[in-house]
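Here the structure comes first, spelled out in structure tokens, and everything after it is commentary.
Residue numbers (our numbering), protein chains in the order written: chain A, 88 to 212; chain B, 88 to 212.
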């Protein structure tokens, strides 16, 4: 069922109280990645949210590009005093990342969104 | 930036406490719609969640197919004692739906995910 389809112009950023949630699905293209970074940083600075959760359970392949984008988002939000947690990484994705030598340093991960929210509320990041 | 891209094999269903959250993005194909309905109904019946929030802020065009899918999901979850709220509909989408004669009867909507969660927690559905 993984046929090509017209993707969204941009990835929606959902507000959950003082947390921003992004659900990445399928492939992330350059334009969408830049748009997402712009949306997240502006939303974080405007609303002063405590954290950002990026769920990648809908992503079945992470390449060096997406890895860099996620790392940049984490760094950007940290500069804006918000923590970013990557949630829902598939085991196969983790295996691929390590095999590619992409250990995503500086990225905080959680098993799922619930645990990511707990992590952010407990200040565990 | 709305170029075609390889879409996800399925739409991820995120658990937020006793709420399931789905962020629809881009187009929903038949296979993905069936998969989503199957995932949601099985998750609802297995975990006994109180509600389902489907955010469509990433959807810039709702046709009769997606309208029917959303309506079916709402009916299915209601039979399983859970309420479904559609969140984040774009004004242009609402206008298109009404022009198409698709008023989505039986569907509860909220302006955004936060308000949808409030609605579900207050039992306003």
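Glycine included, each C-beta is placed from N, C-alpha and C at the ideal position.
A quick note: this is a predicted structure, and the numbers were derived from the prediction, not measured.
What residue range is occupied by the uninterrupted alpha helix (DSSP H) comprising residue i?
i, result
"residue 153 of chain B", "151 to 166"
"residue 97 of chain A", "Neither: residue 97 of chain A is in no alpha helix (DSSP H) and is coded neither H nor E."
"residue 110 of chain B", "Here residue 110 of chain B belongs to no alpha helix (DSSP H); instead the beta strand (DSSP E) covers 106 to 112."
"residue 128 of chain A", "117 to 134"
Measure how close the beta-carbons of residue i and residue j come, nearest whole angstrom, since I'm counting them as under 8 Å.
i, j, result
"residue 110 of chain B", "residue 101 of chain A", "6 Å"
"residue 122 of chain A", "residue 163 of chain A", "Wrong, their Cβ atoms sit about 14 Å apart, outside the cutoff."
"residue 173 of chain A", "residue 187 of chain A", "About 16 Å; that fails the 8 Å criterion."
"residue 161 of chain B", "residue 171 of chain B", "4 Å"
"residue 136 of chain A", "residue 169 of chain A", "6 Å"
"residue 151 of chain A", "residue 189 of chain A", "6 Å"
Identify the continuous beta strand (DSSP E) that holds residue i and give its terminal residues.
i, result
"residue 145 of chain B", "138 to 145"
"residue 170 of chain A", "170 to 174"
Taking the alpha-carbon of residue i as reference, which of the options has the nearest alpha-carbon?
i, options, result
"residue 183 of chain B", "B:207, B:172, B:153 and B:159", "B:153"
"residue 131 of chain A", "A:192, A:98 and A:106", "A:106"
"residue 213 of chain A", "A:207, A:104, A:97 and A:127", "Chain A is shown only over 88 to 212; residue 213 of chain A falls outside these bounds and no answer can be derived."
"residue 54 of chain A", "A:186, A:177, A:185 and A:135", "In the structure as shown, chain A starts at 88 and stops at 212, and residue 54 of chain A therefore has no counterpart that could be examined."
"residue 156 of chain B", "B:115, B:135, B:147 and B:134", "B:115"
"residue 98 of chain B", "A:175, A:190, A:207 and A:185", "A:175"
"residue 119 of chain A", "B:118, B:145, B:119 and B:129", "B:145"
"residue 129 of chain A", "A:191, A:166, A:192 and A:112", "A:166"
(request) Pull out every residue of the region 108 to 139 of chain B whose Cβ sits closer than 7 Å to any Cβ of chain A, in chain order. (result) Going along the region 108 to 139 of chain B in chain order, one finds 110, 112, 113, 114, 116, 118, 119 and 122 with a Cβ nearer than 7 Å to chain A.
(message) Using a Cβ distance threshold of 8 Å, determine whether the region 132 to 149 of chain B contacts the region 196 to 205 of chain B, with at least three qualifying pairs required.
(response) Verdict: yes, contact present.
(request) Compile a chain-ordered list of the residues in the region 141 to 152 of chain A whose CB is closer than 8 Å to at least one CB of chain B. (result) The residues in question are 142, 144, 145, 146 and 147.
(request) Residues of the region 189 to 204 of chain A with a CB closer than 9 Å to any CB of chain B: list them in chain order, please. (result) Listed by position along the chain: 199, 200, 201 and 204.
(request) Could you list the residues in the region 166 to 188 of chain B with a C-beta less than 9 Å from some C-beta on chain A, going in chain order? (result) Within the region 166 to 188 of chain B, the residues whose Cβ lies closer than 9 Å to any Cβ of chain A are, in chain order, 174 and 175.
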